[in-house]
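In what follows, a single structure is set out as structure tokens and then discussed.
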Amino acid sequence: MADNKTMTTDQRNIMTFDPQAHEIALSTEDLHVFYGNSEAISEGDLQFERYKITALIGPSGSGKSTYLRSLNRMNDRIATVKGKIMYRGLDINSNDIDVYEMRRHIGMVFQRPNPFAKSIYENIAFALRQRGMNKKADLDEIVERSLRQAAMWDQVKDDLNKSALALSGGQQQRLCIARAIAIKPDILLLDEPASALDPVSTSQIEDTLLELKQNYTIIIVTHNMQQASRISDYTAFFNLGKALEYAETGDIFTNPKVDLTNDYISGNFG
Amino acid sequence: MNAKRVDKIATGVLYAIAALVVIILVALLGYILVQGVPEISWHFLTSPALSFEAGGGIGIQLFNSFYLLFLALLISLPISLGAGIYLNEYAGQNTITGLIRTTIEILSSLPSVVVGLFGYLFFVVQFKLGFSILSGAFALTVFNLPILTRSIEEALANISDNQREAGYALGLSRWETVTKIVVPAALPSIITGVVLSAGRIFGEAAALIYTAGQSAPALNFSDWNPFNISSPLSPLRPAETLAVHIWKINSEGIMPDAKAVSAGASAVLIIAVLLFNFLARWLGKRLYKHLTAE
């Protein structure tokens with residue numbers, strides 16, 4: 001449990017970190033997201049601590065996925081994102097940012113497993129090769145390491161040349177995680193990564209994420225409150241395009257300060 | 001009448017209609033094949049046509065058909081691929097895109113004889129290409145572009161957006177994502193579309209009568225220099241294709257065995273088009289399997 005004195009909660013029930021005691025990997029300032037004229041995110045400024053898992057929870061349509069997808073600008077062509085997204089002292093929401101380079105630092109895993117129609121090996125090696133890594137030995141090493149980190153090396157090590165589309169859903173999703181971490185991002189964004197999976201695959205993915213936490217800052221959107229309480233350090237509750245409460249996961253689940261949060265986690269709506 | 005009875009009658013009627021379609025098709029194919037297959041021999045497939053005597057073949061026409069097909073695809077495939085990629089991956093939903101789509105639709109419903117006359121005025125007369133392989137290939141390109149563009153656009157549209165997102169999330173640019181992820185994933189259906197359009201091109205006559213011409217001058221098959229007019233590869237020689245040949249024999253053929261030559265040529269044409277269709281299915285399935293399984 002972190003030292004509570006280094007975190008303060010304002011009247012809006014949003015926690016902020018003391019930068020002396022916590023390393024902040026990513027934060028948003030005055031972020032607003034619009035789909036056409038309708039505002040999808042009107043109040044959602046959060047700070048994310050490095051090497052922690054932060055869960056974003058909330059009912060459908062609360063804006064949590066929109067918020068997450070704005071963080072590495074996956075919404076660029078769909079929505080208008082205003083405000084600042086601060087990463088290493090840079091506003092990555094500005095026009096001067098090389099979006100493609102930025103996404104190599106802030107990777108993403110999606111709700112539906114989306115492996116490429118290529119071999120398991122190529123799914124991982126492909127993006128590396130596109131960035132000029134051509135040595136077979138280097139690629140082999142990264143493929144193996146990524147698959148090990150995603151806890152699937154032993155299952156697929158003899159089938160690396162088989163098509164990734166022949167894998168089961170859970171394996172496909174872990175391959176997508178392996179693919180995302182192969183390019184060594186700082187931050188991993190996950191948009192309900194286990195919602196299309198069975199309970200066994202889900203718990204395997206959760207174990208994988210807890211392992212990855214040592215080297216990655218993880219921000220995960222989830223519909224599953226047990227999942228949020230099992231794996232996350234901090235939790236933010238979204239409703240109607242606003243972050244209503246942001247606190248340590250233990251606090252938010254045992255002692256929510258906002259009535260709506262309480263209603264949501266006790267299953268009264270959403 | 002109760003619902004069950006109505007359903008039975010409707011099923012019967014639908015079966016009868018389906019059977020009628022199949023019967024017509026089988027009868028047509030069967031007639032052409034039964035009439036024509038006995039005429040096909042190695043000599044028939046390889047020797048040049050004779051205008052006044054019996055015993056002529058379709059060798060040069062067959063070669064012309066394949067060569068024209070090859071050139072037409074060589075010109076239309078890159079353009080269609082570019083247009084399909086633009087329409088599906090880059091173009092926004094606006095008036096200009098809508099206009100392009102409407103134009104393509106109109107172009108694809110243009111009767112091929114109109115394409116042929118346009119080719120005659122534009123390529124043969126205006127550009128002074130004469131009755132030549134090149135004029136024919138350009139006319140076939142006009143004929144083929146809209147359909148091929150549509151089929152490529154559809155093939156790309158069938159690739160789920162989550163594939164594109166996966167590429168972007170790995171820091172790949174839109175161009176890299178399109179060329180290295182989306183197009184390869186769509187390749188089985190793109191190839192199916194190309195081979196099917198090849199079948200259409202191969203059987204096309206009206207667009208070629210006034211562009212590639214109705215004569216098949218003797219070719220010297222030992223001369224492969226495309227700049228010599230008697231070379232099979234020369235793009236500026238007139239080149240009657242198999243389909244045009246069939247039309248010509250039937251309208252003005254005076255050789256004594258015109259009927260037999262026509263039947264044989266028709267059978268060869270039908271078999272070739274059928275082969276294109278089977279090839280398209282087989283290739284598409286194989287490539288899809290290659291991408292998804294093993």
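One line per chain: the protein sequences are A and B, in this order. As numbered in full-length UniProt numbering, residues 1 to 270 make up the first sequence, in order. As numbered in full-length UniProt numbering, residues 1 to 294 make up the second sequence, in order. The beta carbon of each residue, even a glycine, is placed where N, CA and C say it ideally should be. Owing to the predicted nature of the structure, the values given are computational and were not obtained by experimental measurement.
Interface partners of residue i on chain A, CB under 9 angstroms
{"i": "B:P184", "result": "F116, A117, K118"}
{"i": "B:N162", "result": "F110, Q111, R112, P113, N114"}
Given residue i as reference, the closest of the options once Cα atoms are compared
{"i": "B:H290", "options": "A:L165, A:G83, A:P199, A:A125", "result": "A:L165"}
{"i": "B:S160", "options": "B:L170, B:T177, B:L148", "result": "B:T177"}
{"i": "A:T249", "options": "A:L240, A:D259, A:I265", "result": "A:I265"}
{"i": "A:V99", "options": "B:I229, B:L172, B:Y67, B:L68", "result": "B:L172"}
{"i": "A:L26", "options": "A:L56, A:Y87, A:N239, A:A236", "result": "A:Y87"}
{"i": "A:M102", "options": "A:L71, A:L244, A:Q204, A:D154", "result": "A:L71"}
{"i": "A:R129", "options": "B:I270, B:A258, B:K180", "result": "B:K180"}
{"i": "B:A265", "options": "B:Q35, B:L20, B:G12", "result": "B:Q35"}
{"i": "A:G169", "options": "A:D158, A:S195, A:L147", "result": "A:S195"}
{"i": "A:N114", "options": "A:T80, A:K84, A:A178, A:E211", "result": "A:A178"}
{"i": "A:F52", "options": "A:I24, A:Y35, A:L147", "result": "The sequence given here places Lys at residue 52 of chain A; Phe does not occur at that position. With distances taken between Cα atoms, A:K52 lies closest to A:I24."}
{"i": "B:L50", "options": "B:W224, B:P217, B:R281", "result": "B:P217"}
{"i": "A:L188", "options": "A:E211, A:V200, A:N224, A:S60", "result": "A:E211"}
{"i": "B:P256", "options": "B:A3, B:L28, B:A54, B:I40", "result": "B:A54"}
{"i": "B:Q61", "options": "B:L77, B:S47, B:I100", "result": "B:S47"}
{"i": "A:A151", "options": "A:N95, A:L260, A:S201, A:N239", "result": "A:S201"}
{"i": "B:S76", "options": "B:I100, B:S151, B:L20", "result": "B:S151"}
Which residues DSSP lists as bridging residue i, in chain order
{"i": "A:V81", "result": "A:V33"}
{"i": "A:Q47", "result": "A:S27"}
{"i": "B:A267", "result": "None; B:A267 has no bridge partner."}
{"i": "A:P8", "result": "Note on identity: in this sequence residue 8 of chain A is Thr, with Pro being the wrong assignment. Note: A:T8 sits in a beta bridge opposite A:T16."}
{"i": "A:I187", "result": "A:I106, A:T217"}
{"i": "A:L56", "result": "A:V221, A:A236"}
{"i": "A:M86", "result": "A:S27, A:D91"}
{"i": "A:E39", "result": "A:F34"}
{"i": "A:K242", "result": "A:E43, A:N239"}
{"i": "A:S119", "result": "A:S163"}
{"i": "A:E248", "result": "A:Y234"}
Chain-ordered chain B contacts of residue i [CB-CB under 9 angstroms]
{"i": "A:Y67", "result": "Per Cβ cutoff of 9 angstroms: no residues; A:Y67 is ~16 angstroms from chain B at best."}
{"i": "A:E101", "result": "G171"}
{"i": "A:I183", "result": "L170, G171"}
{"i": "A:A178", "result": "Those within 9 angstroms of A:A178 in chain B number zero; the least Cβ separation is about 12 angstroms."}
{"i": "A:R104", "result": "L170, G171"}
{"i": "A:A236", "result": "Here the premise fails: no neighbours, minimum Cβ distance about 21 angstroms."}
Interface partners of residue i on chain B, CB under 7 angstroms
{"i": "A:M108", "result": "A169"}
{"i": "A:A150", "result": "Chain B residues near A:A150: none, gap ~15 angstroms exceeds 7 angstroms."}
7 angstroms Cβ cutoff met for residue i and residue j
{"i": "A:L160", "j": "A:Y121", "result": "yes"}
{"i": "B:F131", "j": "B:G213", "result": "yes"}
{"i": "A:E39", "j": "A:H22", "result": "no"}
{"i": "A:Q155", "j": "A:I181", "result": "no"}
{"i": "A:F237", "j": "A:I41", "result": "no"}
{"i": "A:K213", "j": "A:N13", "result": "no"}
{"i": "B:S135", "j": "B:T211", "result": "yes"}
{"i": "A:I231", "j": "A:L209", "result": "yes"}
{"i": "A:T8", "j": "A:T16", "result": "yes"}
{"i": "A:L244", "j": "A:I220", "result": "no"}
{"i": "B:I249", "j": "B:V261", "result": "yes"}
{"i": "B:F70", "j": "B:G57", "result": "no"}
{"i": "B:L170", "j": "B:S80", "result": "no"}
{"i": "A:I92", "j": "A:I85", "result": "yes"}
{"i": "A:H105", "j": "A:P185", "result": "yes"}
{"i": "A:L46", "j": "A:Y246", "result": "yes"}
{"i": "A:G83", "j": "A:D30", "result": "yes"}
{"i": "A:I218", "j": "A:T235", "result": "no"}
{"i": "B:P235", "j": "B:F221", "result": "no"}
Partner residues on chain A for residue i, Cβ-Cβ distance less than 7 angstroms
{"i": "B:I181", "result": "F116"}
Neighbouring residues, chain B, relative to residue i (Cβ below 8 angstroms)
{"i": "A:M74", "result": "E165, Y168, A169"}
{"i": "A:R88", "result": "Result: empty, since nearest Cβ-Cβ is about 16 angstroms, beyond 8 angstroms."}
Partners in chain A for residue i, counting only beta-carbon separations shorter than 8 angstroms
{"i": "B:E89", "result": "The contacting residues do not exist; B:E89 stays about 11 angstroms from chain A at best."}
{"i": "B:E176", "result": "Q130"}
C-beta neighbour in chain C for residue i, strict 7 angstroms
{"i": "A:A127", "result": "Included in the structure are the protein chains A and B, with no chain C among them."}
Please confirm if the segment 181 to 194 of chain B is in contact with the segment 129 to 145 of chain B, defined as three or more CB-CB distances below 8 angstroms between the two stretches. no
Segment contact, 8 angstroms Cβ cut-off, at least three pairs: the segment 161 to 177 of chain B with the segment 223 to 242 of chain B: no
Pairs of beta-carbons, one from the segment 263 to 280 of chain B and one from the segment 196 to 203 of chain B, closer than 8 angstroms: are there three or more? yes
Could you tell me whether the segment 64 to 75 of chain B touches the segment 231 to 239 of chain B, using the rule of 3 or more Cβ pairs below 8 angstroms? yes
Using 8 angstroms as the Cβ pair cut-off and three pairs as the minimum, do the segment 151 to 158 of chain B and the segment 80 to 90 of chain B touch? yes
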